Amino acid sequence: MAEAKKTEEAVEKKSGGSKLVVILLIVVILLLGGVLGGGAYLFLSGKLTPQGAAQVADAEGHAEEGEHKKPKKEKKDKAHAAPTYVLIGEEKAPFTVNLAETSEADYLQVEVQVLISDPAVEGAIKTHMPLLKSKLGALFSQQKSAEIKTAQGREQLRLHALEEVRKVMGSMTDTVDPEDIEDLLFTNFVMQ
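Under our numbering, the residues of the sequence shown are numbered 48 to 239, in order.
What follows is the structure in structure tokens.
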């Protein structure tokens, strides 16, 4: 009897010790997951990089001082930036509009891309894409088929569209210089 009692106590002590190990293991895993998750958040949000940390520190410093100035855009050397073409609209879904006067053609289908040299402009363009599509769609639907069937007419329309994109981007964001949008191209132009 005494031996059976001793073995029961030994088993209870062993199982109690293993419960403690399991609990400690779970706590360590949760802490490690929290640290890794926090690090991933900071890294992906850009706050962990030296530039991101400086921006956060500047923002906190300005908030403490009561200053609410917008960050100034640093001018980048455009000679070193690779030009990028950005599609206005959606891929395989060009602008399709009814023309104002339908003497020769009823519809205009046009695909538009802009040439930019600053990668930050691409994000701003994507942010304001609905407004850009609306303004360009309105511009295209005001055209007369007789005017845009000539090369000179298409060039005039291209310049008006470039002006409209620059105007929208200049009015909607302080970080984009309208001249960062270097050119506008019609990569598909069909009248029917």
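Even glycine gets a Cβ: it sits at the ideal position worked out from N, Cα and C. These figures come from a predicted structure and were not determined experimentally.
{"Check": "Pull up the DSSP beta-bridge partners for Q160, would you.", "Outcome": "L134, L232"}
{"Check": "What's the C-alpha gap between Q189 and N235?", "Outcome": "18 Å"}
{"Check": "Look at the alpha carbon of V237 and the alpha carbon of N145, and state the distance between them as a whole number of angstroms.", "Outcome": "12 Å"}
{"Check": "Where does E114 land, buried or exposed, given buried means 16+ other C-beta within 10 angstroms?", "Outcome": "With a pLDDT of 48 at E114, under the threshold of 50, the modelled position of that residue is not reliable, and the figure given next carries that caveat. Per the 10 Å Cβ criterion, exposed."}
{"Check": "Out of curiosity, what's the CA-to-CA distance linking I163 and L78?", "Outcome": "45 Å"}
{"Check": "Can you say whether S245 is buried or exposed, counting buried as having 16 or more other CB atoms within 10 angstroms of its CB?", "Outcome": "For residue 245 there is no data in the structure shown, the boundaries of the chain being 48 and 239."}
{"Check": "Quick one: residues in its chain with C-beta nearer than 8 Å to the C-beta of V215, no 5 flanking neighbours on either side, listed in chain order?", "Outcome": "H175, L178, L179, K182"}
{"Check": "Tell me whether A129 sits in a helix, a strand or coil according to DSSP, three-state version.", "Outcome": "coil"}
{"Check": "Between which two residues does the alpha helix (DSSP H) harbouring M143 extend?", "Outcome": "The residue asked about is misnamed: residue 143 is Thr in this sequence, not Met. Careful: T143 lies outside any alpha helix (DSSP H), inside the beta strand (DSSP E) at 142-145."}
{"Check": "Give the range of the alpha helix (DSSP H) segment to which E148 is assigned.", "Outcome": "Taken as a continuous stretch (DSSP letters only), E148 belongs to no alpha helix (DSSP H), as it is neither H nor E."}
{"Check": "Do you know how far the Cα of V161 is from the Cα of E202?", "Outcome": "15 Å"}
{"Check": "Does the distance from the CB of P241 to the CB of E158 come in under 9 Å?", "Outcome": "Since the first residue shown for the chain is 48 and the last is 239, residue 241 is missing from the structure and cannot be characterised."}
{"Check": "The alpha helix (DSSP H) spanning E152 covers which residue range?", "Outcome": "Before going further, note that residue 152 is Ala rather than Glu in the sequence given. Taken as a continuous stretch (DSSP letters only), A152 belongs to no alpha helix (DSSP H), as it is neither H nor E."}
{"Check": "Determine the extent of the alpha helix (DSSP H) in which K214 is found, giving its start and end residues.", "Outcome": "198-219"}
{"Check": "By Cβ distance below 6 Å, which residues in the same chain neighbour T220 in space, the five residues on each side in sequence not counted?", "Outcome": "A171"}
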